[in-house]
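Take a look at the structure below.
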Amino acid sequence: MPTFISLINWTNDGIRNSKETVDRAKAAAKLAERMGGSLKDVYWTVGEYDIVAIADFPDDETGTAFLLAIGSQGNLRSATLRAFTAEEMTGVLEKLG
Numbered sequence: 001m002p003t004f005i006s007l008i009n010w011t012n013d014g015i016r017n018s019k020e021t022v023d024r025a026k027a028a029a030k031l032a033e034r035m036g037g038s039l040k041d042v043y044w045t046v047g048e049y050d051i052v053a054i055a056d057f058p059d060d061e062t063g064t065a066f067l068l069a070i071g072s073q074g075n076l077r078s079a080t081l082r083a084f085t086a087e088e089m090t091g092v093l094e095k096l097g
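Under this note's numbering, the first residue of the sequence shown carries the number 1, and numbering increases by one thereafter.
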C-alpha cells in the first residue's frame with residue numbers, strides 16, 4: 001500500500017479549536033479505515049509544523065481523496081509526501097534499466 005507522510009499546520013480555525021485535535025485525529029483514523037487505509041501514526045510537533053501524520057492507502061487516488069476530505073473541514077493545511085519503502089524503491093530503480 002502506498003505510504004503518505006503529511007506535514008500539517010493548523011489553520012486559524014484549527015488552532016482556535018486545538019482542544020479538539022485528538023478527537024479530530026481519532027475521527028480521521030476512522031475515515032481512513034472506512035476508505036481502506038490506515039492512519040498509522042500521528043505526532044503533535046513543535047517547530048515548523050504542528051502535526052506529522054503517516055498513513056497507508058490502497059492507492060494514490062484513495063490517499064488523495066482522504067487528504068481532500070480532511071482538508072475540506074477547514075482545520076488544517078498539509079504538505080504531503082509519497083513515501084517509498086526500500087523494497088518499493090528497489091522496484092523503482094529496476095525500471096531505470
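Where a beta carbon is used, it is the ideal one built from N, C-alpha and C, also for glycine.
Legend entry - Environment of Phe57 [buried if 16+ CB atoms lie within 10 Å]: Mapped onto the sequence shown, residue 57 falls at position 57. Residue environment for Phe57: buried (at least 16 other C-beta atoms within 10 angstroms of its C-beta).
Inset, instruction - Pair every Cβ in the stretch 86-93 with every Cβ in the stretch 23-31, then say whether three or more of these pairs are closer than 8 Å. - result: The stretch 86-93, when compared against the stretch 23-31, does not touch it at the 8 Å Cβ threshold.
Inset, instruction - Determine, using beta carbons only, whether Asn9 and Leu76 come nearer to each other than 8 Å. - result: What you label residue 9 is simply residue 9 of the sequence shown in a count that begins at 1. What you label residue 76 is simply residue 76 of the sequence shown in a count that begins at 1. A contact, by the Cβ cut-off of 8 Å.
Inset, instruction - Find the nearest neighbour of Tyr49 within the set Ala55, Ala79 and Leu68, judged by alpha-carbon distance. - result: Position 49 of the sequence shown holds residue 49. Of the residues Ala55, Ala79 and Leu68, the one whose Cα lies closest to the Cα of Tyr49 is Ala79.
Legend entry - 6 Å CB neighbourhood of Tyr43 in its chain, flanking five on each side removed: Looking up residue 43 in the sequence shown gives position 43. Cβ neighbours of Tyr43 within its own chain (closer than 6 Å, five residues either side excluded): Val52.
Inset, instruction - Please confirm whether Leu81 and Ile5 have their CB atoms less than 8 Å apart. - result: Walking along the sequence shown from the start, residue 81 turns up at place 81. Walking along the sequence shown from the start, residue 5 turns up at place 5. Contact: yes.
Legend entry - Selection from Glu20, Met1, Thr21 and Thr11 that minimises the alpha carbon distance to Met106: The structure shown does not extend to residue 106, since the chain spans only 1 to 97, so no value can be given for it.
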